[in-house]
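Visitor: A single structure is presented below for examination.
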């Protein structure tokens, strides 16, 4: 009897989700062609490794899952199939060892993304995956075949199944420009508007002094809270337009939604989280004699530099004559944020293809044979390894879903 030809599939997008799906498919004997519009694959993945490749997080699964907020129920089956521990074991299989940092974050031992990506691409090519760079997907023709634009011109590609792993809408220079939204909308696929996530925020205006002397200054060992939630410890950076950094990124989703709802969001900054309010009040109540308040704050509380400047910027002048009230300000300094920084500056995006538009295999209900994975799905998570783990897990799930659909 004639031998059955292997299935041939197309993966659009060479980030972690697309590469992971290509691995699952090629290991099963499927012929995989992967297309990416950039000169090389994994560009945003490599950027994430600048300063230390935080690949995932070691915290217990219930807390880990909670980081995906309202999309946790949809991410749960993906993470059960390829969670943090499985991801680490997979990395070890590439010959890359990992370690857990003091914050619980997991890193490759050399802290770099490039060796991991090189080892992974070698494995994929050894498994027969063909990678086409500088090839941009532009949609479908009337027959349902893929249209691919390359330096050599337009190509028509027929495929038994397609995975779209095109990223969100941030860092467009690395390939994630959200152009796929219009293509899918034209096919009747619903989507949620893309918004910045893990992003900085703007204030209405800083004083000239704040901008000239403290733009770029780190706010270390502070705690920031929104509403009634417990303040988070960490650090962030004062910018010329507002504030950004890891502590703000962790709160970016609720801050953004508060701005969407109310036009502004007020967070409270604890400048001295290690000192309780009564201790701060007692320190400020001590006689300062002829010393200025600035010197008094420095000598009694070690408060100076950008922290002292922020206190001056955001506290009414009369509060400096009331030690009890000034202590309250130091422990809960109100900072009003009015908008996000532009989406292209964000680390990631919220919005995209909703899970409700997909079946349990991550296939579009509107377009049988077309699957989606990665950041183009409507979920978000903070930095700390959660974003990458979600991309890996969704790519793995989509690859397995494609196999099931092809072999049904």
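Numbering (this note's numbering), first residue to last: 36 to 443.
Note that CB positions come from ideal geometry on N, CA and C, so glycine has one too.
Please read all numbers here as calculations on a predicted model, not as lab measurements.
Out of 195, 92, 185, which has the shortest C-alpha to C-alpha gap to residue 442?
Guide: As a working note, residue 442 is residue 407 in the chain shown. Selected option, being the one with the closest Cα: 195.
Visitor: Whole angstroms is fine: what's the gap from residue 274's alpha carbon to residue 251's?
Guide: Sequence index remark: in the chain shown, residue 274 carries index 239 (1-based). Sequence index remark: in the chain shown, residue 251 carries index 216 (1-based). Rounded to the nearest angstrom, the two C-alpha atoms are 5 angstroms apart.
Visitor: Extract the residue ranges of the alpha helix (DSSP H) inside the region 81-129, only unbroken runs of 4 or more that lie entirely within it.
Guide: Whole alpha helix (DSSP H) segments, 4+ residues: 96-101, 107-116, 119-128.
Visitor: Please name the residue in 81, 255, 295 whose C-alpha comes closest to that of residue 308.
Guide: In the chain shown, the residue the question calls residue 308 occupies position 273. Nearest option by C-alpha distance: 255.
Visitor: With residue 267 as the anchor, note down where its alpha helix (DSSP H) starts and where it stops.
Guide: Sequence index remark: in the chain shown, residue 267 carries index 232 (1-based). That residue, residue 267, is in no alpha helix (DSSP H); its beta strand (DSSP E) goes 267-273.
Visitor: Go ahead and label residue 36 buried or exposed: buried means 16 or more other beta carbons lie within 10 angstroms of its beta carbon, across all protein chains shown.
Guide: Position 1 of the chain shown, counting from 1, holds the residue named residue 36. Below a pLDDT of 50, predicted positions are generally treated as unreliable, and residue 36, at 41, falls in that range; the measurement from the model is reported next regardless. Classification of residue 36: exposed, given that the 10 Å Cβ count is below 16.
Visitor: Count the other C-beta atoms from every protein chain shown that fall within 10 angstroms of the C-beta of residue 96, then say buried if there are 16 or more, exposed otherwise.
Guide: Stepping through the chain shown from its first residue, residue 96 is reached at position 61. Classification of residue 96: exposed, given that the 10 Å Cβ count is below 16.
Visitor: Quick one: Cα of residue 315 to Cα of residue 337, how far?
Guide: Position 280 of the chain shown, counted from the first residue, corresponds to residue 315. Position 302 of the chain shown, counted from the first residue, corresponds to residue 337. So the alpha carbons of these two residues sit roughly 11 angstroms apart.
Visitor: Please name the residue, chosen from 245, 288, 149, that lies closest to residue 1 on a Cα-to-Cα basis.
Guide: Summary: the structure shown does not reach residue 1, with the chain confined to residues 36 through 443, and so no result is reported for it.
Visitor: Which of the three DSSP states, helix, strand or coil, is assigned to residue 48?
Guide: For this step, residue 48 is matched to residue 13 along the chain shown. If DSSP states are grouped into helix, strand and coil, residue 48 belongs with coil.
Visitor: With a threshold of 16 other CB atoms inside 10 Å of the CB of residue 38, please say whether the residue is buried or exposed.
Guide: Residue numbering aside, residue 38 sits at position 3 when the chain shown is read from its first letter. Caution applies to residue 38, whose pLDDT of 46 falls short of 50 and renders its modelled position unreliable; the model cannot decide the point.
Visitor: Rank 344, 166, 92 by C-alpha distance to the C-alpha of residue 123 and give the top, closest one.
Guide: Numbered from its first residue, the chain shown carries residue 123 at position 88. Among 344, 166, 92, the Cα nearest to that of residue 123 belongs to 92.
Visitor: Taking the beta carbon of residue 134 as the centre, do at least 16 other beta carbons fall within 10 Å, making it buried, or is it exposed?
Guide: Residue mapping note: residue 134 aligns to position 99 of the chain shown, counting from 1. Answer is exposed; the Cβ neighbour count stays below 16.
Visitor: From residue 109 to residue 399, what distance separates their C-alpha atoms?
Guide: Numbered from 1 along the chain shown, position 74 holds the residue referred to as residue 109. Numbered from 1 along the chain shown, position 364 holds the residue referred to as residue 399. Their backbone Cα atoms lie some 15 angstroms apart in a straight line.
Visitor: When the Cα atoms are used, what is the spatial distance from residue 297 to residue 173?
Guide: For this step, residue 297 is matched to residue 262 along the chain shown. For this step, residue 173 is matched to residue 138 along the chain shown. Each residue's alpha carbon lies about 38 angstroms from the other.
Visitor: Express the C-alpha separation of residue 208 and residue 168 in angstroms, rounding to a whole number.
Guide: Here the question's residue 168 lines up with position 133 in the chain shown. Here the question's residue 208 lines up with position 173 in the chain shown. Each residue's Cα considered, the two are about 15 angstroms apart.
Visitor: Using only alpha-carbon positions, find the residue among 137, 136, 157, 131 that is nearest to residue 21.
Guide: The chain is shown only over 36 to 443; residue 21 falls outside these bounds and no answer can be derived.
Visitor: Can you tell me which of the three DSSP states residue 206 falls into?
Guide: Numbered from 1 along the chain shown, position 171 holds the residue referred to as residue 206. Coil.
Visitor: Whole angstroms are fine: how far does the CA of residue 361 sit from the CA of residue 154?
Guide: Within the chain shown, numbered from 1, the residue matching residue 154 stands at position 119. Within the chain shown, numbered from 1, the residue matching residue 361 stands at position 326. Answer to the nearest angstrom: the Cα atoms are 56 angstroms apart.
Visitor: What do you get for residue 144, buried or exposed, if any count of 16 or more other CB atoms within 10 angstroms of its CB means buried?
Guide: Position 109 of the chain shown, counted from the start, is the residue given in the question as residue 144. Flag for residue 144 reads exposed.
Visitor: Measure the alpha-carbon distance for residue 438 versus residue 248 and round it to whole angstroms.
Guide: Start at 1 with the first residue of the chain shown, and residue 438 comes out as number 403. Start at 1 with the first residue of the chain shown, and residue 248 comes out as number 213. Roughly 58 angstroms separates the two Cα atoms.
Visitor: Alpha carbon to alpha carbon, what distance is there between residue 379 and residue 329?
Guide: Translated into the one-based positions of the chain shown, residue 329 becomes position 294. Translated into the one-based positions of the chain shown, residue 379 becomes position 344. Each residue's alpha carbon lies about 39 angstroms from the other.
Visitor: Give me the DSSP bridge partner(s) of residue 259.
Guide: As a first step, residue 259 must be located in the chain shown, where it is residue number 224. Bridge partners of residue 259: 267, 304.
Visitor: In the DSSP assignment, find the unbroken alpha helix (DSSP H) run with residue 434 in it and report its ends.
Guide: On the chain shown, residue 434 is found 399 positions in, with the first residue counted as 1. Element bounds for residue 434: 421-441.
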